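Engineer: Once you've had a glance at the structure underneath, I'll fire off some questions.
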Ligand SMILES: C[S@@+](CC[C@H](N)C(=O)[O-])C[C@H]1O[C@@H](n2cnc3c(N)ncnc32)[C@H](O)[C@@H]1O
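In this note's numbering, the protein residues as written are 710 to 949.
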């Protein structure tokens, strides 16, 4: 695995959920992304939804509260310290959840074509290097069924470089709140993580380019600093 993980460390991984102190919009983003996915499943039964970079389960929790019991959520995550917290957070949904501890590309490669009914993802894609992001989108276009949706929140910088730099600086300031709450180590680690992310950021134009793998209907719903919420889908078979 060659990516910018950084959540396995003692502080960032263990105290991951405190991130909502710095990003008060996190809960709204996660709930709204879940709602878009849940709406896409209305009228369907037995759906398999993949949560990419599941982390501590912050993305899956609102979704599981919205979908019917016939749907199944696969929590895919590379770091045990994160997946263990997801197992605990989602314990009330044990019959609807499955956990895969693996790198996303490794885990997706052997999955059959047309085997997924949707992908949710919170702040995951930007963790991969650019070449792996492209491979991932290409794999997803095969593993998802026609009409299936991707609903995600992620770090996606604007194409305008001046605005991009300004937003990253503003985002780093949001971590001051950790020091105010007695967690200077989190302030330092989140700032370092953000600088590292910014060496190879996802840009809005890169996101639009990923539609070339067969996706359509890209919608960017909202932006807070470098964080956006977006969705796209594969065409229905009759649209192809
Ligand atoms: C910023 S966290 C977000 C977690 C959760 N989705 C949320 O929104 O709260 C990104 C997660 O992606 C995981 N991750 C990064 N690269 C990965 C990869 N190649 N395969 C699987 N998981 C990965 C990290 O370990 C981390 O838990």
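Backbone N, C-alpha and C fix where the C-beta goes; we use that ideal spot for every residue, glycine too.
Remember, it's a predicted structure, so these values are computed and weren't measured experimentally.
So residue 855 and residue 946 are in contact, right, with Cβ under 8 Å, and what is the actual spacing, rounded?
Structural biologist: 4 Å between Cβ atoms; contact.
Engineer: Can you tell me where the beta strand (DSSP E) with residue 774 in it begins and where it stops?
Structural biologist: Taken as a continuous stretch (DSSP letters only), residue 774 belongs to no beta strand (DSSP E), being part of the alpha helix (DSSP H) at 769-775.
Engineer: With a floor of 3 residues, list each beta strand (DSSP E) that falls wholly inside the stretch 835-908, ordered by position along the chain.
Structural biologist: Taking only runs of at least 3 residues, the beta strand (DSSP E) segments lying wholly in the stretch 835-908 are 853-864.
Engineer: So, are the CB atoms of residue 826 and residue 765 less than 8 Å apart?
Structural biologist: For residue 826 and residue 765, no; Cβs fall outside 8 Å.
Engineer: Under 8 Å, do residue 922 and residue 804 count as touching if we go by C-beta distance?
Structural biologist: Taking 8 Å as the Cβ cut-off, residue 922 and residue 804 do not qualify as a contacting pair.
Engineer: Given 8 Å as the limit, is there contact between the stretch 728-746 and the stretch 881-901, that is, 3 or more CB pairs closer than that?
Structural biologist: With the cut-off at 8 Å, the stretch 728-746 and the stretch 881-901 touch.
Engineer: What does the alpha-carbon distance come out to for the pair residue 874 and residue 905?
Structural biologist: Taking the straight line from one Cα to the other gives about 14 Å.
Engineer: For residue 903, collect the residues of the same chain with a Cβ closer than 7 Å to its Cβ; drop the 5 residues on either side in sequence, then sort them by chain order.
Structural biologist: The residues are 877, 880 and 881.
Engineer: Counting beta carbon pairs with one atom in the stretch 740-751 and one in the stretch 805-815, are three or more of them shorter than 8 Å?
Structural biologist: Short answer: they don't touch.
Engineer: Drop a sphere of 10 angstroms on the beta-carbon of residue 944, count the other beta-carbons inside from all chains shown, and report buried for 16 or more, exposed for fewer.
Structural biologist: Flag for residue 944 reads exposed.
Engineer: Any contact between the stretch 751-759 and the stretch 773-784? By contact I mean 3 or more CB pairs, one from each, below 8 Å.
Structural biologist: Judged by Cβ distances under 8 Å, the stretch 751-759 makes contact with the stretch 773-784, as three or more pairs qualify.
Engineer: Hey, residue 768 and residue 831 are a contact pair by Cβ (cut 8 Å); roughly how many whole angstroms apart?
Structural biologist: About 4 Å; that satisfies the 8 Å criterion.
Engineer: Pull up the DSSP beta-bridge partners for residue 784, would you.
Structural biologist: Paired residues: 760 and 808.
Engineer: Going by DSSP, what residue range makes up the beta strand (DSSP E) through residue 928?
Structural biologist: From DSSP, the beta strand (DSSP E) with residue 928 extends over 925-933.
Engineer: Let me see if you follow: with CB-CB separation under 8 Å, is residue 813 close to chain D or not?
Structural biologist: Of the chains in the structure shown, none is chain D; there is only one protein chain.
Engineer: Can you tell me whether residue 926 sits near ligand 1, meaning its C-beta is under 7 Å from at least one heavy atom of the ligand?
Structural biologist: No, ligand 1 has no heavy atom inside 7 Å of this Cβ.
Engineer: Just to confirm my understanding: we take residue 692, look at its own chain, exclude 5 residues before and 5 after, and list those with CB closer than 6 Å. What are they?
Structural biologist: Coverage of the chain is limited to positions 710 through 949, which leaves residue 692 absent and any answer about it impossible.
Engineer: Could you tell me whether any non-hydrogen atom of ligand 1 is closer than 7 Å to the CB of residue 930?
Structural biologist: No, the beta carbon of residue 930 sits no closer than 7 Å to any heavy atom of ligand 1.
Engineer: Going by DSSP, name the residue or residues bridged to residue 814.
Structural biologist: BP columns for residue 814 are empty, so no partner.
Engineer: Closest by CA to residue 820, which one among 770, 930, 849 and 949?
Structural biologist: Here the closest residue by C-alpha is 849.
Engineer: Taking the Cβ atom as the reference point for each residue, do residue 773 and residue 808 lie within a distance shorter than 8 Å?
Structural biologist: The answer is no: Cβ separation not under 8 Å.
Engineer: State the beta-bridge partners of residue 940 as determined by DSSP.
Structural biologist: Paired residues: 860 and 928.
Engineer: Considering only the alpha carbon of each residue, which of 751, 930 and 840 lies closest to residue 918?
Structural biologist: The shortest Cα separation from residue 918 among 751, 930 and 840 belongs to 840.
Engineer: Rounded to whole angstroms, what is the Cα-Cα separation between residue 858 and residue 750?
Structural biologist: About 9 Å.
Engineer: Can you name the residues that DSSP bridges to residue 912?
Structural biologist: Per DSSP, 866.
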